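Participant: Order-wise, the sequence lines are chains A, B and C.
The numbering of the first sequence is our numbering, which starts it at 1 and goes up by one.
The numbering of the second sequence is our numbering, which starts it at 1 and goes up by one.
The numbering of the third sequence is our numbering, which starts it at 1 and goes up by one.
Below: one structure in structure tokens.
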Amino acid sequence: MTGDAHDGSPERVLQALGLDLPEPPGAVGAYLPWQRLGCVVTTSFQLPWRGSALVATGLVGRDVTIEQAIAAARQCALNGLAQLRQAAGGDLKRVRLVRIDGHVGCTPGFADIPQVLDGASRLVNEVLGERGRHARTALGHVVMPLDVPVMLGFLAEVDES
Amino acid sequence: MTGDAHDGSPERVLQALGLDLPEPPGAVGAYLPWQRLGCVVTTSFQLPWRGSALVATGLVGRDVTIEQAIAAARQCALNGLAQLRQAAGGDLKRVRLVRIDGHVGCTPGFADIPQVLDGASRLVNEVLGERGRHARTALGHVVMPLDVPVMLGFLAEVDES
Amino acid sequence: MTGDAHDGSPERVLQALGLDLPEPPGAVGAYLPWQRLGCVVTTSFQLPWRGSALVATGLVGRDVTIEQAIAAARQCALNGLAQLRQAAGGDLKRVRLVRIDGHVGCTPGFADIPQVLDGASRLVNEVLGERGRHARTALGHVVMPLDVPVMLGFLAEVDES
Numbered sequence: 001m002t003g004d005a006h007d008g009s010p011e012r013v014l015q016a017l018g019l020d021l022p023e024p025p026g027a028v029g030a031y032l033p034w035q036r037l038g039c040v041v042t043t044s045f046q047l048p049w050r051g052s053a054l055v056a057t058g059l060v061g062r063d064v065t066i067e068q069a070i071a072a073a074r075q076c077a078l079n080g081l082a083q084l085r086q087a088a089g090g091d092l093k094r095v096r097l098v099r100i101d102g103h104v105g106c107t108p109g110f111a112d113i114p115q116v117l118d119g120a121s122r123l124v125n126e127v128l129g130e131r132g133r134h135a136r137t138a139l140g141h142v143v144m145p146l147d148v149p150v151m152l153g154f155l156a157e158v159d160e161s
Numbered sequence: 001m002t003g004d005a006h007d008g009s010p011e012r013v014l015q016a017l018g019l020d021l022p023e024p025p026g027a028v029g030a031y032l033p034w035q036r037l038g039c040v041v042t043t044s045f046q047l048p049w050r051g052s053a054l055v056a057t058g059l060v061g062r063d064v065t066i067e068q069a070i071a072a073a074r075q076c077a078l079n080g081l082a083q084l085r086q087a088a089g090g091d092l093k094r095v096r097l098v099r100i101d102g103h104v105g106c107t108p109g110f111a112d113i114p115q116v117l118d119g120a121s122r123l124v125n126e127v128l129g130e131r132g133r134h135a136r137t138a139l140g141h142v143v144m145p146l147d148v149p150v151m152l153g154f155l156a157e158v159d160e161s
Numbered sequence: 001m002t003g004d005a006h007d008g009s010p011e012r013v014l015q016a017l018g019l020d021l022p023e024p025p026g027a028v029g030a031y032l033p034w035q036r037l038g039c040v041v042t043t044s045f046q047l048p049w050r051g052s053a054l055v056a057t058g059l060v061g062r063d064v065t066i067e068q069a070i071a072a073a074r075q076c077a078l079n080g081l082a083q084l085r086q087a088a089g090g091d092l093k094r095v096r097l098v099r100i101d102g103h104v105g106c107t108p109g110f111a112d113i114p115q116v117l118d119g120a121s122r123l124v125n126e127v128l129g130e131r132g133r134h135a136r137t138a139l140g141h142v143v144m145p146l147d148v149p150v151m152l153g154f155l156a157e158v159d160e161s
């Protein structure tokens, strides 16, 4: 990688968006934040941690607005990108996203699960470009670990360098 | 592929069942209906779309009967086969199913989740034969995206041709 | 494998813990307990079967205590290890765990999902050692198939021998 910023550089996009990838959050149990399988990386669910705090807790449609949920989805995506960057030896350009598994904590009648998860999908599409295009699964839940409104799992391919 | 129908032809089985694979449904957000990872294809969740309408909405055990839910599971399976056929360049014979992830929207006391999902499993077993045999996961939910009673994810291997 | 017990032997650890892997439980529908994809094995969800009975049913936080749920998670893990051993031709040393997908049936306010799933994670870490280290996903549900309090899916790599 040369010192020049260039199109196709995820880091440059992050910079242009004023975003910084955080330290990859640790696990909340006896497991790893991510694991490899050949060139595949699968992450544990990413919660909307920002530092040691969650950016939101509660159910969308009752405690959390759609706008807050979208922001939480973006935070989960930043944390996921941080995990994948670490798994790729620090180089996001080696990451190609394959699938995001999206989970939204919401009231039973909540109708906008795809809209919440698009907060994450749009961000990764923007940061990774063509290499960010992904399949996605989406589920709603009335109970979530640590009472978070959004959780995301990431499946990606990491180029050998 | 010769013009002759023959045993082992998924298309012939579909024809014999009077079934037509639909156009693969599009995504309902900023993602793709399926993505590849080497020879592996993972689909986004398939909803029971038939054309632009859902064949059923609501929870099984309250708004939707088991029979309707089984029909919805079959429709999800047809849509999934359509995605996999597209991912395999139009040739279902190149598809080997690996796993179906099944999700049923139902009342808390509903006891027949496996029976609903068997609607999908039986169909793919019939259409793909030995290459349709799959692992399966099964979950029930009291809230579902777009209020569908069934959603299915597909993981398959696609032979290079 | 020599006749000598040695460090790094999963079977020896099981023996030391006084644990026996059961017969791998069968499927409860028209699917397989596990399926392969190259060197990867994905299991169907493992329920807390012990023989033909479930070690617990009901929701954690209402019908099932945390201690009972942890025991159920361990039983799911034993069943998962039994599936993976079978998929590896009977040799657990050929199994390297990649991810556990954990599902807990619980009341909406239940806060200890990670603690329940750690029952499984700790067991596989102990039995498989370095080869047991895994990513993990965790979800809570108010409805579960067969009313079980815990279900686990396993993704593993199996060495060719």
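Built from N, CA and C at the ideal position, the CB exists for glycine as well.
If you're wondering where the values come from, they're calculated on a predicted model, not measured in any experiment.
#1: Taking all protein chains shown into account, do 16 or more other C-beta atoms lie within 10 angstroms of the C-beta of ASP20/C, making it buried, or fewer, making it exposed?
#2: Which of the three DSSP states is assigned to ASP118/C in this structure?
#3: Just to confirm the assignment: which complete alpha helix (DSSP H) runs, minimum length 4, are found wholly within the region 100-155 of chain A?
#4: For ALA156/A, which of ALA88/B, GLN35/B and VAL98/B has the nearest alpha-carbon?
#5: Give me, in chain order, the residues of the same chain whose beta-carbon lies closer than 7 Å to that of ARG94/A; leave out the 5 immediate sequence neighbours on both sides.
#6: Checking contacts by CB at 8 Å: is SER44/B closer than that to chain A?
#7: Kindly list the residues whose CB is nearer than 7 Å to the CB of PRO10/B, restricted to its own chain and excluding five residues on each side of it in sequence; keep chain order.
#8: Answer yes or no: does any C-beta atom of chain F fall closer than 8 Å to that of ASN125/A?
#9: With a 10 Å radius around its C-beta and 16 neighbouring C-beta atoms as the bar for buried, classify GLY46/A as buried or exposed.
#10: Which residues in chain C have a C-beta closer than 8 Å to the C-beta of CYS106/B? List them in chain order.
#11: Measuring straight from C-alpha to C-alpha, what distance separates VAL150/B and GLN15/C?
#12: Counting only C-beta atoms, is ALA5/C closer than 8 Å to chain A at any point?
#13: Let's see if you can read the secondary structure: which residues bound the alpha helix (DSSP H) around GLN15/A?
#14: Locate the alpha helix (DSSP H) running through ARG36/A, then write down its first and last residues.
#15: So, helix, strand or coil for ASP4/B, using DSSP?
#16: If you run the structure through DSSP and keep just helix, strand and coil, what is GLU23/C?
#17: Could one say the Cβ of HIS134/A lies closer than 8 Å to chain B's Cβ atoms, at least one of them?
#18: Enumerate in chain order the residues of its own chain whose CB-to-CB distance from GLY132/A is below 6 Å, with the five nearest sequence positions on each side excluded.
#19: Compute the Euclidean distance between the alpha carbons of PHE154/A and VAL28/B, then round it to the nearest angstrom.
#20: Name the chain C residues that come within less than 8 Å of VAL28/A, Cβ to Cβ?
Facilitator: Inspection of the coordinates gives the following:
#1: exposed
#2: helix
#3: 113-128
#4: GLN35/B
#5: ALA88, VAL158, ASP159 and SER161
#6: yes
#7: LEU92, LYS93, VAL127 and LEU128
#8: In summary, chain F is missing from the structure at hand, where the protein chains are A, B and C.
#9: First, the amino acid is wrong: residue 46/A is Gln here, not Gly. So GLN46/A counts as buried.
#10: VAL143
#11: 43 Å
#12: Caution applies to ALA5/C, whose pLDDT of 36 falls short of 50 and renders its modelled position unreliable; the value that the coordinates give is listed next. Judged by the 8 Å Cβ criterion, ALA5/C is not in contact with chain A.
#13: 10-16
#14: Unbroken run through ARG36/A is the beta strand (DSSP E), 34-37; no alpha helix (DSSP H).
#15: Only weak support is given to the placement of ASP4/B: the predicted model assigns it a pLDDT of 37, under 50, and the value that follows is read from those uncertain coordinates. It is coil, neither helix nor strand.
#16: coil
#17: The beta-carbon of HIS134/A is placed less than 8 Å from the nearest beta-carbon of chain B.
#18: LEU97, VAL124 and ASN125
#19: 19 Å
#20: PRO114
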